[in-house]
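The opening residue of the sequence shown carries number 5 in my numbering; numbering runs sequentially from there. Input: a single structure, listed below in structure tokens.
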Amino acid sequence: MSPANVTVYRLSPACDISDIEIGTIYQGHVQGFATFGSFVQLTDRLKGLVHKSNVRTNHEEGDEILVRVKQIRPNGNIDLEEVILPSYEVKDVTKQVTTTRLAELGSRIGRTATVMGEIAQVKQTSGPTIFTLVDETGTENAAAFVEAGVRAYPEANLGDIVQIYGQVMQRNSQVQVEVGSLTVLSGPEADEVRTRIEEALERRAEPAEIPLLIESEVMTLLRPQMRAVAKAIRKAVFVSQPILLRHHADADGICSAVAIEQAVVSLIRESGGDFDADYFLFKRAPSKAPFYEIEDVTRDLDFATKDLARYGQKMPLVLLTDNGSTEEDEPAMKQARVFGLTLVVVDHHHPDAVIDQYLEAHVNPYHVGGDYGITAGMLGTEIARLINPAVGDAIRHLPAVAAVGDRSEAPERQRFLNLVADRYTEDECKTMALALDFEQFWLRFNDGREIVKEILDLGPDHARHEQFVALLVEGANAMIADQMEATMPHLQERVLENGARLFLLDVEIHAHKFTFPPPGKTSGEVHDRLCRANPGAAVVTIGFGPDFAVLRSRGVLMNIPRMVRELRTEIRGGGVSGGGHLVVGSIKFVEGMREAVIEALIAKIAQAELATPRLE
Ligand code: MN
Numbered sequence: 005m006s007p008a009n010v011t012v013y014r015l016s017p018a019c020d021i022s023d024i025e026i027g028t029i030y031q032g033h034v035q036g037f038a039t040f041g042s043f044v045q046l047t048d049r050l051k052g053l054v055h056k057s058n059v060r061t062n063h064e065e066g067d068e069i070l071v072r073v074k075q076i077r078p079n080g081n082i083d084l085e086e087v088i089l090p091s092y093e094v095k096d097v098t099k100q101v102t103t104t105r106l107a108e109l110g111s112r113i114g115r116t117a118t119v120m121g122e123i124a125q126v127k128q129t130s131g132p133t134i135f136t137l138v139d140e141t142g143t144e145n146a147a148a149f150v151e152a153g154v155r156a157y158p159e160a161n162l163g164d165i166v167q168i169y170g171q172v173m174q175r176n177s178q179v180q181v182e183v184g185s186l187t188v189l190s191g192p193e194a195d196e197v198r199t200r201i202e203e204a205l206e207r208r209a210e211p212a213e214i215p216l217l218i219e220s221e222v223m224t225l226l227r228p229q230m231r232a233v234a235k236a237i238r239k240a241v242f243v244s245q246p247i248l249l250r251h252h253a254d255a256d257g258i259c260s261a262v263a264i265e266q267a268v269v270s271l272i273r274e275s276g277g278d279f280d281a282d283y284f285l286f287k288r289a290p291s292k293a294p295f296y297e298i299e300d301v302t303r304d305l306d307f308a309t310k311d312l313a314r315y316g317q318k319m320p321l322v323l324l325t326d327n328g329s330t331e332e333d334e335p336a337m338k339q340a341r342v343f344g345l346t347l348v349v350v351d352h353h354h355p356d357a358v359i360d361q362y363l364e365a366h367v368n369p370y371h372v373g374g375d376y377g378i379t380a381g382m383l384g385t386e387i388a389r390l391i392n393p394a395v396g397d398a399i400r401h402l403p404a405v406a407a408v409g410d411r412s413e414a415p416e417r418q419r420f421l422n423l424v425a426d427r428y429t430e431d432e433c434k435t436m437a438l439a440l441d442f443e444q445f446w447l448r449f450n451d452g453r454e455i456v457k458e459i460l461d462l463g464p465d466h467a468r469h470e471q472f473v474a475l476l477v478e479g480a481n482a483m484i485a486d487q488m489e490a491t492m493p494h495l496q497e498r499v500l501e502n503g504a505r506l507f508l509l510d511v512e513i514h515a516h517k518f519t520f521p522p523p524g525k526t527s528g529e530v531h532d533r534l535c536r537a538n539p540g541a542a543v544v545t546i547g548f549g550p551d552f553a554v555l556r557s558r559g560v561l562m563n564i565p566r567m568v569r570e571l572r573t574e575i576r577g578g579g580v581s582g583g584g585h586l587v588v589g590s591i592k593f594v595e596g597m598r599e600a601v602i603e604a605l606i607a608k609i610a611q612a613e614l615a616t617p618r619l620e
């Protein structure tokens, strides 16, 4: 007998007892010893016994061993004998099963099925262990039970490729597989499934080819990056990766985030998963600063690591809108990167190249010659349509609200207003923007998901929306009027070297504190009044407190982030930081250096060129 004729079989992890033939030789591993013989594993879940009379050599635990199947007893016990071969060839036995794609499970309710997929979440309930599976067609849950509250199949973890055989059931209008057996696949078998899922995912995540809502040169140039962001988000939805949307807590930031929220939530509902999946797979969180603060990333990491530990959830994809482009974001991004969080940014603040190393995708009009006039709300809405075109009609007014809220002067502002002129006037868009700012002030760090939808007329009742917004705007305007009455008499005016008119306001002592409007908005309202009172003039307004100043300007070619950087090195012990847009921003410093910092800042503003004078 030539050695090549002897064949030894290697069972794949998916094989079960029905794949074993009596008389055939298999490769196994010694698992342990008993007084009557040695236990040998043929697969992770299939083992037999070599009686001591059939043991031929001395073994240690884990040793590879060749065994012939002597018999399979009615109770499933497998009797083996050790075989020694000088040479042989190995063949793989792969399990030939018909697998059901997850999307087709609904047609097999009440019957059994075998499914293969990647584990996207492992959630231990007080009853069974719930595995969330993802394959190339969708997402479904499988419930495995050993004992109430005990983790079933502890060898199966997040990211593993598994094969599950079980009964297909319907629970709470949702399909679920009651696990009969679960096998963790490895080697080529797992690779093949993983590749299949990934390839299908790539295709499925590719956004639809749809035109922009309006004509826009800048946004046309931004389309590849917008598609990249949309694709990253779609992919996260399809693999049940949680999405955390961090956005600037102003009207523009809220509009960008709500547009994407609408697209993502409906996509999560469409693509299976739990009935409340949209709540634990999508979170929206407003940030007070126009950048990703350490306080924000600390909260986010706190929740993400707890969700991983408690619910077996993947680390989230973090999407930053109306913030995330500047070097001030870097310290938070460094922390996020340590924990493997994926970051994508949709912003219109002047970008610093240093942060691109942390981002998987970055949409920013400055990258293609545009500026902040293309607001985050415009970009977010177009991206939302790429994520899920079905929401396009419901959210098409959000860019107009964002544009007036952020005082965009880009031509796109009027085009977006025209687009919804049949539904909302410019004034109605402005009232929605003001209502958002007002309500967010009271919501503080909460997202106010449903209330904010009501303000943006995404709720069920248009009349109630109108009533609510009218009330909010009335409240906001009354408080703004109060604030203006208190502050306007205390303005100090200077005419700078370059001819710009500078107005200084101490918001700490001449404004109501801890109420609406807060210092930034107070300075903005003051500035608007000053601009109207000084038509055609270059106007700069600085509202300052003990350790901060807020800048608003018109007609002065400033670069606030650069001025902040210069002040930081020029004023020793000033503790200067801050930033924002080129002509609208804020700056922080230490209280004891306020005079020095503000005077140095004014000196810089006095050197700035004026824009061509124009009439308002
Ligand atoms: Mn903005």
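Yeah, the Cβ is synthetic: ideal placement off N, Cα and C, and Gly gets one too.
Which of helix, strand or coil DSSP assigns to residue i
| i | result |
| --- | --- |
| P403 | helix |
| A99 | Going by the sequence as given, residue 99 is Lys instead of Ala. Here K99 sits in coil by DSSP. |
| R112 | helix |
| T11 | strand |
| V119 | strand |
| A515 | coil |
| L216 | coil |
| Q31 | strand |
| Q75 | strand |
| H55 | strand |
| R389 | helix |
| T47 | strand |
| H352 | coil |
| F520 | coil |
| R618 | Residue confidence is low: R618 scores 47 on pLDDT, short of 50, so the model does not pin down where it sits. Its coordinate-derived value is still stated next. Coil at R618, not helix or strand. |
| M5 | With a pLDDT of 47 at M5, under the threshold of 50, the predicted position of this residue should be treated as unreliable, though the coordinate-derived value follows. It is coil, neither helix nor strand. |
| I21 | helix |
| V181 | strand |
| S42 | strand |
| A147 | strand |
| G170 | strand |
| F507 | strand |
| I237 | helix |
| I82 | strand |
| I359 | helix |
| A124 | strand |
Residue i: CB within 6 Å of a non-hydrogen atom of the ligand MN
| i | result |
| --- | --- |
| D441 | no |
| T330 | no |
| T379 | yes |
| D410 | yes |
| D375 | no |
| D326 | yes |
| D397 | no |
| D256 | yes |
Contact test: residue i Cβ vs the ligand NAP heavy atom, cutoff 6 Å
| i | result |
| --- | --- |
| D333 | With respect to the ligand NAP, the structure offers nothing, as its ligand set consists of the ligand MN. |
Rounded distance between the beta-carbons of residue j and residue i, thought under 8 Å
| i | j | result |
| --- | --- | --- |
| L46 | G32 | 5 Å |
| D333 | F295 | 5 Å |
| L84 | V54 | 5 Å |
| V621 | L106 | The requested residue 621 does not occur in the structure, where the chain is confined to residues 5 to 620. |
| T330 | H352 | Not a contact, Cβ separation roughly 11 Å. |
| V601 | F593 | 4 Å |
| V625 | I165 | Within the shown structure, residues of the chain are numbered from 5 to 620, placing residue 625 beyond reach of any answer. |
| A204 | E140 | 3 Å |
| I459 | V473 | 6 Å |
| A236 | V348 | 5 Å |
Contained beta strand (DSSP E) runs [length at least 3] in the segment 250-336, N- to C-terminal order: 286-291 and 321-325
Taking the runs of the alpha helix (DSSP H) that are 4 residues or longer, which of them lie wholly in the segment 408-493? 415-423, 430-447, 453-459 and 466-491
Residue ranges of each alpha helix (DSSP H) run of no fewer than 4 residues wholly in the segment 552-600, ordered along the chain? 564-574
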